[in-house]
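Chains as they are written, first to last, in this note's numbering: chain A, 30 to 207; chain B, 2 to 381; chain C, 454 to 701. Cβ coordinates follow ideal geometry from the N, Cα and C atoms, glycine included. Report on one structure; see the data block that follows.
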Amino acid sequence: MSEAQLPAPLHAVFDEITGVIFKRQGARRLRVDIDADRLPTLLALLKGRAGYLHLSAISCVDWPQDSEFELVYHLGSYETQVMVAAHIRIPRAASRYLSVYDIHIPAGFFERDIHEMYGIEFEGSPNMTPFILTEWQGPPPMRKDFDTLGYVNQHYSWQQYDPQWLRELEARGGGLVE
Amino acid sequence: MRPENYQPVNHPASHAFELYFGPNHPGIEGNYALHAVVSGDTVERLTADGGYLHRGFEKLMEERLWIQNIALVPRICVPDPVPMEETYARAVETLGGLEVPVRAEWLRMMVLEMSRLTAHLFTFGGHAATVGLYTNMFWGVTDRDMILDLFEELTGARVYHMYITPGGVRRDLPPGFLDRLSARLDYIEQRLPGFDDLFFDNAVFVGRAQGTGVMSQEQALAWGVTGPNLRACGLQFDLRRDDPYLRYEEVEFDIPTESAGDCYARALVRRAEVVESIRILRQIIPRLRHLDGPIRCPLPNPLAWTIPAGDTYVRTESSKGELAYYVVSDGTEKPWRVHVRGPSSMHAVQVLEHLGVGARIEDIAQIMFSLDACPPEVDR
Amino acid sequence: MSSMTSYPIYRDPDTAIGCRTVDEQERSLLRRVLDRIADHCRARSLFVLHYCTGCGAIELPPSMTSRFDLERVGMQPMVTPRQADILLITGYLSVKTLKRVILTYEQMQGPKYVMGFGSCTINGGMYWNSYATVKRLQEYIPVDMYIAGCMPRPEAIQQGFLQLIERIDSGRATAWQDYYRRYDWYLGNQQAMFGEQFQTPTDVIAEARHYALASAETTGRHTALLEQQLQQAALMPVGPGRAAGESQ
């Protein structure tokens, strides 16, 4: 993708940093794929040079087939309409990364959330204690290898519902579809 | 109480004691807890404790078909479910390349603004109840019910409508609906001076709310505050104008702001937004009268509907702030990942913890309600 | 089988009316008339605990405020469980909330009534395959009535409450007694959910004996675990440095 398609403030940023892959995903969405170790630099540049003050969210996507976690940092600006989504990949086995709390304070909540849901450690994040799953004893639930229905069948029981009309139906050879 | 459960407490000599604003507390909006360390009447430290409403939505959404998720999605934000439906639908449409018909877009705008009205009327009541004015809750909830009646007529349900589906909306307007909507809007407009006399100009409320929970614009921007809370700090930013969706570029509306950044400013911003929502609705009504067309684009068989692989980030201006969905598809008939970013993720956790420091015990509830913190969005 | 099957059932003749096992043949006519009057009055003055446990709570303000006014049937919200009669489980129950609901339920004083609100309390509802919600509420606390819906509208809530009033009035709303009669079973389910160390500050077995509702199934192998933990706790030294309580 050519530099000419980037909005003006972002030129200043992407002149400084190399090795990024751009993809325009709509009139106001820009996807940037970058190495994991260069992300904090990108975030600091976007905040300082291009006015991307707003960290909207940090999302985590589990790709077990690639053995990687993908972390997506969604950044917005109050001056430009284009949102930037910075995508990085971290290895699934190691599952640690740096915290960007010192650049964007909202990261504190999202990193805490990703930690309890996916088990990824963020070094330098102010609070890694569980927020939602404070009494949860199982594995990180949002990982793809956690089977929620299996867990439910093991730990909970269902109502027994055996009404007369259903028994009559079954006696005649009908019944519920499995 | 068993004697074994009496624990001697080993605190250093200080005036501080711990106060649990537990989940069973009318001063907490919803099922949420705040752990306060207070010294005398002043809070020294406030820690938020959530998870009481956790249902594992994001996991559940990965296990269901794209069309089945429209039943799950409104339940994430209980007081204001329509922006949730709209954001999910728009994410699926962006990924799936669906084109929503024009009439459906205007219908969506109509229900979005109606939902904003109900949410703000509810907050009038909630905010007033935290300062001891319970009449306002009765008024606000009853006026909100007038709009819920319209929702029931249109969609069949009062609260969780499941009206906005990927591709359009589920039903067209019943005959005479727009006249009834117009009459209700007249009714609400005529009620607003009453709310002013009772609540917004009430000297006791002004005394309680001014100067409480003050945020400067720099703090708000640093903490990730969005929506009416940010507009109350002086920044005129609204996603309907600055990241527009649907047909908001074709309607005229102002973006009210206040500069004080305290509870009073936030209440005033919401009151002004009620006026703006009514104004937008009055522009939508004549368009809907004269616009014809389908209300839904043709969809494939929903049980075998696959969306091409890709990801998208969609934002909406809900009544509480910036609501966003990050949806990833891997090309199958179920989503690969749906991440819901509710506005209260910031407001109910970090912002509340910051604003609580130095507040008085009786103001914690007021600060929480004035931020319009919605725990189901935080816990998902 | 538990070795605690035989113990004296303490019948205090001055225990409050209407909250003992009703053995119609044994009770005198006067007692039965007084029970009937007490139930009649109780049914018309119910305090609902103001605890919004889940999404259904959004339909409570409309039911309680002027439009659908619940106060005309004598119901009011009450903030403390010690003075509330009805515990409304409005919507789904996440596991974290369930622990607090059990604590709250035990703090309420008998007779007390639990209403399950919405289909999530019946069989998990919309979140049937969620790892974080409880599927069958009645395994953990006894439930008097369920109101179906997702969520129930105020008219349905009113009808549910009116049916509850009618049940209380006719003396049939005795699910709270089941908690004392079969505490071992409830505790077993609670321990299965929260671990074998789970205990609450309320001494349910003593209350069961006080209300003369203790039966053979009040104690069993699960309450035996409780006894063990209490004995161990009693042996531990009390003083600074002791770990904060086992009950949570």
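| Item | Value |
| --- | --- |
| Can you say whether Leu-186(B) is buried or exposed, counting buried as having 16 or more other CB atoms within 10 angstroms of its CB? | buried |
| So Met-213(A) contacts chain B; which residues on that side make the cut at Cβ distance below 9 angstroms? | With chain A represented from 30 up to 207, any question about residue 213(A) goes unanswered, as that position is not in the structure. |
| Excluding the 5 residues flanking Leu-72(A) on each side, which residues of the same chain have their C-beta closer than 6 angstroms to its C-beta? | Val-129 and Ile-132 |
| For Cys-573(C), which three-state DSSP category applies? | helix |
| State the DSSP-derived secondary structure class of Cys-264(B), mapped to helix, strand or coil. | helix |
| With three or more C-beta pairs closer than 8 angstroms as the rule, is the segment 267-283 of chain B touching the segment 44-51 of chain B? | no |
| Quick check on Ser-330(B): buried or exposed, where buried means 16 or more other Cβ atoms within 10 Å of its Cβ? | buried |
| Going by DSSP, what residue range makes up the beta strand (DSSP E) through Gly-105(A)? | 97-105 |
| My output table needs one value for His-663(C): the three-state DSSP class, helix, strand or coil. | helix |
| Are His-26(B) and Pro-82(B) closer than 8 angstroms when you measure CB to CB? | no |
| Could you check whether Gly-105(A) and Ser-85(A) sit closer than 8 angstroms to each other, using their CB atoms as the reference points? | yes |
| Looking only at DSSP bridge pairs, what is Met-112(A) linked to? | Arg-58(A) |
| Ser-623(C) touches chain A at which residues, Cβ-Cβ below 8 angstroms? | Chain A residues near Ser-623(C): none, gap ~25 angstroms exceeds 8 angstroms. |
| With distances taken from CA atoms, which of Arg-67(A), Pro-159(A) and His-184(A) is nearest Tyr-584(C)? | His-184(A) |
| Within 8 angstroms (strictly less), CB to CB, does Arg-171(B) reach chain A? | no |
| Please confirm whether Ile-296(B) and Leu-35(B) have their CB atoms less than 8 angstroms apart. | no |
| Taking C-beta pairs closer than 7 angstroms, name the residues in chain B that Ala-114(A) reaches, listed in chain order. | Tyr-314 |
| Between which two residues does the beta strand (DSSP E) carrying Thr-48(B) extend? | 43-50 |
| List the residues of chain A whose Cβ lies closer than 9 angstroms to the Cβ of Val-587(C), in chain order. | Tyr-185 |
| Do three or more CB pairs link the segment 593-608 of chain C to the segment 616-629 of chain C at distances below 8 angstroms? | yes |
| Got a sec: is the Cβ-Cβ distance from Gly-55(A) to anything in chain B below 8 angstroms? | yes |
| Rounded to whole angstroms, what is the Cα-Cα separation between Ala-661(C) and Glu-670(C)? | 11 angstroms |
| So does the segment 553-569 of chain C actually touch the segment 516-531 of chain C, counting three or more Cβ pairs closer than 8 angstroms? | no |
| Within a Cβ cutoff of 6 angstroms, which residues of the same chain sit near Glu-145(A), ignoring the five residues on either side of it in sequence? | Pro-159 and Leu-162 |
| Please report the distance separating the alpha-carbon of Leu-482(C) from that of Lys-565(C). | 25 angstroms |
| Is the beta carbon of Pro-718(C) less than 8 angstroms from the beta carbon of Gly-571(C)? | Missing from the structure shown is residue 718(C); chain C here goes from 454 to 701 and no further. |
| Run through the segment 124-159 of chain A for me and flag every whole beta strand (DSSP E) of 3 or more residues, listed as ranges in chain order. | 125-127 and 150-152 |
| When you compare the CB of Thr-158(A) with every CB in chain C, is at least one pair closer than 8 angstroms? | no |
| Using the C-alpha atoms, what's the distance from Ala-496(C) back to Arg-674(C)? | 36 angstroms |
| Just verifying my parser: in three-state terms, what is the DSSP assignment at Ala-366(B)? | helix |
| Which residues mark the beginning and the end of the alpha helix (DSSP H) in which Phe-196(B) is found? | 178-196 |
| Considering only residues of the same chain and omitting the five flanking positions on each side of Pro-515(C), which have a CB-CB separation below 8 angstroms? | Phe-521 and Pro-607 |
| Where do the ends of the beta strand (DSSP E) carrying Gly-311(B) lie? | 311-318 |
| Could you spell out where the alpha helix (DSSP H) holding His-355(B) opens and where it closes? | 353-357 |
| Which complete alpha helix (DSSP H) runs does the segment 214-255 of chain B hold, if anything under 4 residues is left out? | 218-224, 229-232 and 240-243 |
| By the criterion of Cβ-Cβ separation under 7 angstroms, what are the contact partners of His-493(C) in chain F? | Reference to chain F is not applicable here, since the protein chains of this structure are A, B and C. |
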